[in-house]
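First to last, the protein sequences are chains E and L. Add 38 to a position in the first sequence, counting from 1, and you land on the number used in this note's numbering. Add 38 to a position in the second sequence, counting from 1, and you land on the number used in this note's numbering. Note sheet for the following structure.
There are 2 protein chains.
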Amino acid sequence: MGLTKSEIFTTEQNEISSIAKVFGHPARVAILQHLFKINSCICGDLVEEIGLAQPTISQHLKELKKIGLIKGNITGTSICYCIDKENWTNMKTTLSVFLNQDLNDNSNCC
Amino acid sequence: MGLTKSEIFTTEQNEISSIAKVFGHPARVAILQHLFKINSCICGDLVEEIGLAQPTISQHLKELKKIGLIKGNITGTSICYCIDKENWTNMKTTLSVFLNQDLNDNSNCC
DNA sequence: TTTATTCATCGTAATATTGCAATATAATAA
DNA sequence: TTATTATATTGCAATATTACGATGAATAAA
């Protein structure tokens, strides 16, 4: 089917998987790393930097924007996209609850 | 195309996205949460617990096993799958490098 | 041996994702 | 106005993912 049955899962589970899904492509990981590295807005070099066609990059940016990890818009003839710090922090909080659930786990099964 | 161009990305970028991809489905998030909650092996209640058909669950378990986050096998007539603690910790380390890259970031662009 | 139970695998249908060429849009430059 | 430049959108082909019925394999129970 290809259609995820989101309705049978909790809000938290859907939220975690939505975030993870966005990180689930190396181009989007690369875009975010580049944004942190240049420490400012994207200024057109992203297509060369990543090595994918311009429409493909645009599509990945759209998904990153949709989930709120980047913000900004085109200004004049160049984009101004950068990390949304507040949402990035919130995202980390959501993920860390999931990732750190092993802290109080003392089982020894397998 | 549907085919990710992995070869143009770094090993780290591909590794991060591979991990994230596995978390990119609520059923797999739910399975992992359940495994931490019951604090032992899965004992057959997973299909009822999650609410998807048995072959579907089996498929998700296969992916979790493939990436190393769970380990175990069937023993007799029941499965014995549980979290692979060592790999879970390694996974967290890999992800945290990516997630915490904002720590030294003082920019103020958008 | 036969039957029941449990999980894996196979096959397949439906939907999603990825990538890009072509085109559209919008702002600036000449 | 007419380029030019930069990004977004559209449309489409190829591949991937999700889900499940049917079936297979392995063990345990009768």
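Beta carbons are placed, not taken as given, at the ideal position from N, Cα and C, and that holds for glycine. Keep in mind it's a predicted model, so treat the numbers as computed, not measured.
If you compare alpha carbons, which of the options is closest to residue i?
| i | options | result |
| --- | --- | --- |
| threonine 100 of chain L | L:Glu87, L:Ile117, L:Glu86 | According to the sequence provided, residue 100 of chain L is lysine. The question's threonine does not apply to it. Of the listed residues, the one whose Cα sits closest to lysine 100 of chain L is L:Ile117. |
| proline 93 of chain L | L:Gly106, L:Lys130, L:Leu107, L:Ala65 | L:Ala65 |
| glycine 82 of chain E | E:Thr48, E:Cys120, E:Leu107 | E:Cys120 |
| phenylalanine 47 of chain E | L:Lys103, L:Asn125, L:Met129, L:Glu86 | L:Glu86 |
| serine 134 of chain E | E:Asp122, E:Leu41, E:Glu53, E:Gly40 | E:Glu53 |
| isoleucine 88 of chain E | L:Phe61, L:Asn111, L:Gln51, L:Ile95 | L:Gln51 |
| threonine 49 of chain L | E:Met39, E:Thr131, E:Glu45, E:Val67 | E:Val67 |
Using beta-carbon positions only, say whether residue i and residue j come within less than 8 angstroms of one another.
| i | j | result |
| --- | --- | --- |
| leucine 90 of chain E | lysine 109 of chain L | no |
| histidine 63 of chain E | serine 55 of chain L | yes |
| isoleucine 69 of chain E | leucine 84 of chain E | yes |
| asparagine 125 of chain L | leucine 102 of chain L | no |
| methionine 129 of chain L | isoleucine 80 of chain L | no |
Based on DSSP bridge pairs, tell me the residues matched to residue i.
| i | result |
| --- | --- |
| asparagine 111 of chain L | L:Cys118 |
So, with DSSP's three-state summary, where would you put residue i?
| i | result |
| --- | --- |
| alanine 91 of chain L | coil |
| asparagine 125 of chain E | helix |
| histidine 98 of chain L | helix |
| phenylalanine 47 of chain L | coil |
| threonine 131 of chain L | helix |
| isoleucine 105 of chain L | coil |
| isoleucine 80 of chain L | coil |
| asparagine 52 of chain E | helix |
| glutamine 71 of chain E | helix |
| leucine 141 of chain E | coil |
On the three-pair Cβ rule with 8 angstroms, is the segment 132–140 of chain E touching the segment 66–83 of chain L?
yes
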